[in-house]
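Report on the structure given below.
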Amino acid sequence: MSQGHAVSPFAWMRVNLFSTPVNGALTLLILALLAWLVPKAGGWLIWDAVWGPKPASACDAIRGEGACWAVVWDKIRFMLFGVYPFEEQWRAAIAAALLTSLLVISAIRSFWRKRLIAIWAVGIVLSFWLMGGGFGLTPVPAERWGGLSVTLILAIFGIGFAFPLGVLLALGRRSRLPVIRAVSVLYIEIVRGVPLITVLFMASIMFALFMPEGLRVEQLLRAQVAIILFIAAYLAEAVRGGLQAVPRGQYEAAEALGLSYWRTMGLIVLPQALKISIPPIVNIFISVFKDTSLVVIIGIYDFAYAVKKSVETDISWKKYFIEAFLFSIVVYWIYCYAMSRYSQWLEREFARGERR
Amino acid sequence: MLKSERARGVLYQALLLAAVGGIVWYLLSNTLHNLASRGIQVGFAFLGREAGFEIAEKLIEYDSTRSYAHAFAVGLLNTLHVAFLGIVIATTLGALLGVARLSSNWLVARLAGAYVEFMRNIPLLLQLLVWYGIFTELLPGVRQAIRIGDWIFISQRGFRFAWPEAHPGWDAAFWALAAAGVLSLVWRAIVRRRQAATGEQWPLALPVCALMVGLPALAWALMGAPTTIEIPALRGFDYQGGKVISPEFTALLVGLSTYTAAFIAEVVRAGILAVDRGQGEAAMALGLSPGQRLRLITLPQALRVIIPPMTSQYLNLTKNSSLAVAIGYPDLVAIANTTMNQTGQAIEAIAMLMAVYLSISIAISLFMNWYNARVRLVER
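Chains as they are written, first to last, in this note's numbering: chain H, -4 to 351; chain U, 5 to 384.
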């Protein structure tokens, strides 16, 4: 497309909108459709909608004409924090902000050093402390955790703990030792072949049977373990792709230098392989972030469940569930869209580096 | 001794086996102990017992007196039903969107891009909940159903439409259509062989259309040409007669296919972009029409790039159909869930679930691998 140059709008339109009769007709059709749809959608979403802290009766008065954003005002605390104790919700808010900034920091290339591991460890411990309390903060049991911070915890703790396991599985799958290879392949393929919800069912229903009698483990922790074990298989495949892309000569050179297996991997191969697998890992993280919403089915108060419950439990707001869901959709979308743009940008950056 | 690489290899493997064996043994002994202390019998004997719950949607006969095994079969068929239709719709929609994203028309390309970026960045579960909400709450009640003539009625209870009364003539027409499909494939093979051997082009589209329309019509006419059509009518609290598509099924199908279509669009776009520009230009120089160019030159080469990621999208869609449980469509997971709650046989039910999904995954991969091998580039 010739946008960068100074072309007259007419020339631009002729090339990009009316190049052939079919294209011209298509353009007109779409424009007509947009002219009809945009005022309608805009009216419902913005101009005719109820904004600000208004009672549900204000929405009932214009039902069908405009959206009822008052439901978001009324329920915002519950949507964002679930059943977390009201006075302590600032802690959940800080934890969510902390975890979000962890994501932002990880996206900056100058942080891609060993210290990133330390930063993640500190971030995870800090947010865990903020949520759970102790050491000067009022303890909050995990069954009261809820909302956006739970979604962030499930996704970020999930990928953080799954990462070492995924690297080991990827190395195992490419190992020369048949037993290690077989165990890795079996694990990866079985996990990738089943839906996440079956693994979550296992965690929520079967876990109690697996553990010694009388040992109780929080539902949230069980779901977290299930998510970690699930992601590890997908991470392993991403890392394996990176391992395969490292040229053979690198392995051979390391061997010729007399490096042991672990030194070869740790010093020569993995640093190169992991860099290549970062874009697919970001994509895995995006789908994990979306898939954490499946914990709704086993009744964990993540962001999606908090939003669902916030309208379901209140008879006067119940009919404005679409607006509540739209709010949560916008939040999820901002996170995922930012990450997916980042991953696309990263891929282009890497490709540019290769070409030089 | 540990200096020798071989010995170390054996040691590592032995250690891993011991660790895996130890974990399995630990979990197994805990499980057996827990089962014994709770008085739960292990085994698949429960499958023969009466299920005792109703299933709202079924493709085969079922009622609450049937066995759990039968209920599982109903759930499995429902899963396959929605996954198959979802794959067909998602592929069509996704291919259209993928081509649209590369359109020379700026508006079309931007709109398709916006669709993809919007849909794929929202959790599927939320999308399903919204669709379900729309189909059950926002549509009018049964009495105020939206009517399209006397034929289609749209309400919170689903889409109900007129449907021919059951008659051998319709069955015959259905089987004739299947036969026509097979015959068309045979005819296509003959035409291709002929063209490869002599360069002569026999007609393809016309005979295939004739077969697909003519054969079923003939079978229908021969078996008595039934014309009675069942028209839905309001009796009591709901419409009776005709065919109905439930809101649960609609929400699941629409949600799955519109979500997966966004991913398929990206796959198709990448596949088309991967085909060298020179190929299209060479085809143009040879005087092929745009349609021929796409069908004969671009698409066959793009397919090689498209098929592996497309396979994983199909697998994702099939696995994602398990989210049905969140909106109350009786798929395999929902049935297994009910069964677990009623019988307490969680281990068996979850094992069955996983086995079924694994088999479906393997079957789809095998089929796609076979297809991939068929369209692969044959190098000299």
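Even for Gly, the Cβ is constructed at its ideal location relative to N, Cα and C.
Would you check if the distance between the CB atom of residue i and the CB atom of residue j is smaller than 8 Å?
{"i": "U:VAL337", "j": "U:LEU357", "result": "yes"}
{"i": "H:SER179", "j": "H:LEU164", "result": "yes"}
{"i": "H:TRP39", "j": "H:GLY61", "result": "yes"}
{"i": "U:LEU20", "j": "H:PHE320", "result": "no"}
{"i": "H:ILE183", "j": "H:ARG168", "result": "yes"}
{"i": "H:ASP43", "j": "H:ILE57", "result": "yes"}
{"i": "H:ALA346", "j": "H:ILE279", "result": "no"}
{"i": "H:ILE148", "j": "H:LEU97", "result": "no"}
{"i": "U:ALA184", "j": "U:TRP224", "result": "no"}
{"i": "H:ALA87", "j": "H:MET126", "result": "yes"}
{"i": "U:ILE354", "j": "H:MET206", "result": "no"}
{"i": "U:VAL112", "j": "H:LEU24", "result": "no"}
{"i": "U:PRO334", "j": "U:ASN82", "result": "yes"}
{"i": "U:LEU327", "j": "U:LEU132", "result": "yes"}
{"i": "H:THR146", "j": "H:THR308", "result": "no"}
{"i": "H:VAL45", "j": "H:CYS54", "result": "yes"}
{"i": "H:SER335", "j": "H:ILE276", "result": "no"}
{"i": "U:VAL279", "j": "U:GLN305", "result": "yes"}
{"i": "U:LEU389", "j": "U:ARG192", "result": "Given that chain U is displayed from residue 5 to residue 384, the structure contains no residue 389 of chain U and the question cannot be resolved."}
{"i": "U:ILE364", "j": "U:MET314", "result": "no"}
{"i": "U:ALA73", "j": "U:LEU39", "result": "no"}
Which whole-angstrom value describes the C-beta separation of residue i and residue j, a residue pair presumed to lie in contact below a C-beta threshold of 8 Å?
{"i": "U:VAL86", "j": "U:PHE253", "result": "7 Å"}
{"i": "H:ILE100", "j": "H:ILE114", "result": "6 Å"}
{"i": "U:ALA266", "j": "U:TYR119", "result": "7 Å"}
{"i": "U:GLN349", "j": "H:ILE175", "result": "Rounded, the Cβ-Cβ distance is 34 Å, inconsistent with contact."}
{"i": "U:LEU97", "j": "U:SER261", "result": "6 Å"}
{"i": "H:ALA274", "j": "H:SER338", "result": "The sequence given here has Pro at residue 274 of chain H, not Ala. With 8 Å as the limit, H:PRO274 and H:SER338 qualify as a contact, their Cβ atoms being about 5 Å apart."}
Which residues in chain H sit within 8 Å of residue i, going by Cβ to Cβ distance?
{"i": "U:GLN17", "result": "LEU172, PRO173, VAL174, ILE175"}
{"i": "U:ILE354", "result": "THR193, PHE196, MET197, ILE200, MET201"}
{"i": "U:THR347", "result": "Near U:THR347 there are no residues of chain H at all, since even the closest Cβ is about 12 Å away, more than 8 Å."}
{"i": "U:GLU1", "result": "There is no way to answer for residue 1 of chain U, as the model of chain U reaches only from 5 to 384."}
{"i": "U:TYR361", "result": "GLY188, VAL189, PRO190, THR193"}
Within a Cβ cutoff of 6 Å, which residues of the same chain sit near residue i, ignoring the five residues on either side of it in sequence?
{"i": "H:SER(-3)", "result": "Unreliable positioning characterises H:SER(-3) in this predicted model, as indicated by a pLDDT of 46, which lies under 50. A coordinate reading is not provided."}
{"i": "U:ALA116", "result": "LEU101, ALA104, ARG105"}
{"i": "H:ALA51", "result": "SER311, TRP312"}
For residue i, which residues in the same chain have their Cβ closer than 7 Å to its Cβ, ignoring the five residues on either side in sequence?
{"i": "U:GLN205", "result": "GLN199"}
{"i": "H:ALA157", "result": "ILE223, ILE226, ALA227, LEU230"}
{"i": "U:ALA149", "result": "PHE157, ILE158, SER159"}
{"i": "H:GLN84", "result": "ARG72, PHE76"}
{"i": "H:GLY128", "result": "PRO134, VAL135"}
{"i": "H:TYR79", "result": "ALA87, VAL135, ARG139, TRP140, GLY141, GLY142"}
Residue i versus chain U: which residues are under 7 Å apart at the beta carbon?
{"i": "H:VAL178", "result": "LEU20, VAL24"}
{"i": "H:ASN18", "result": "SER108, ASN109"}
{"i": "H:PHE73", "result": "Here the premise fails: no neighbours, minimum Cβ distance about 17 Å."}
{"i": "H:PHE205", "result": "LEU31, ASN34, THR35"}
For residue i, return the contacting residues in chain A, with the cut-off set at a CB-CB distance below 9 Å.
{"i": "U:PRO127", "result": "Of the protein chains in the structure, H and U, none is chain A."}
In chain order, what residues of the same chain lie with their CB nearer than 8 Å to the CB of residue i, ignoring the 5 residues before and after it?
{"i": "H:GLN245", "result": "ILE263, VAL264, GLN267"}
{"i": "H:ILE200", "result": "none"}
{"i": "U:GLY228", "result": "HIS171, PRO172, GLY173"}
{"i": "H:VAL291", "result": "ASP297, ALA299, TYR300, LYS303"}
{"i": "U:TRP155", "result": "PHE165, ALA166, ILE235"}
List, in chain order, every chain U residue whose beta-carbon is nearer than 9 Å to that of residue i.
{"i": "H:LEU21", "result": "SER107, ASN109, LEU111, VAL112"}
Pull the bridge partners of residue i from the DSSP assignment, please.
{"i": "U:PRO168", "result": "U:ILE233"}
{"i": "H:LEU252", "result": "None, per the DSSP bridge assignment."}
{"i": "U:GLU54", "result": "U:SER71"}
{"i": "U:TYR243", "result": "U:LEU238"}
{"i": "H:VAL45", "result": "H:CYS63"}
{"i": "U:GLY162", "result": "U:SER159"}
{"i": "H:VAL297", "result": "Residue identity differs from the one stated: residue 297 of chain H is Asp in this sequence, not Val. DSSP output for H:ASP297 lists H:GLY142 as bridge partner(s)."}
{"i": "U:VAL248", "result": "U:ARG164"}
{"i": "H:LEU132", "result": "H:GLY129"}
{"i": "U:ILE150", "result": "U:ILE158"}
Determine the chain U residues that contact residue i at a beta-carbon separation under 8 Å, and present them in chain order.
{"i": "H:SER14", "result": "SER108, ASN109"}
{"i": "H:LYS314", "result": "GLU141"}
What residues from chain H crowd round residue i, counting only those whose CB sits closer than 9 Å?
{"i": "U:ALA87", "result": "Simply none; closest approach about 11 Å."}
{"i": "U:SER365", "result": "GLU184, ARG187, GLY188, VAL189"}
Could you name the residues of chain H that residue i contacts, counting a contact when the two beta carbons are closer than 7 Å?
{"i": "U:ALA330", "result": "VAL291, ILE292"}
{"i": "U:ASP190", "result": "Asp is not the amino acid found at residue 190 of chain U; the sequence shown has Val there. None at all; the shortest Cβ gap to chain H is about 35 Å."}
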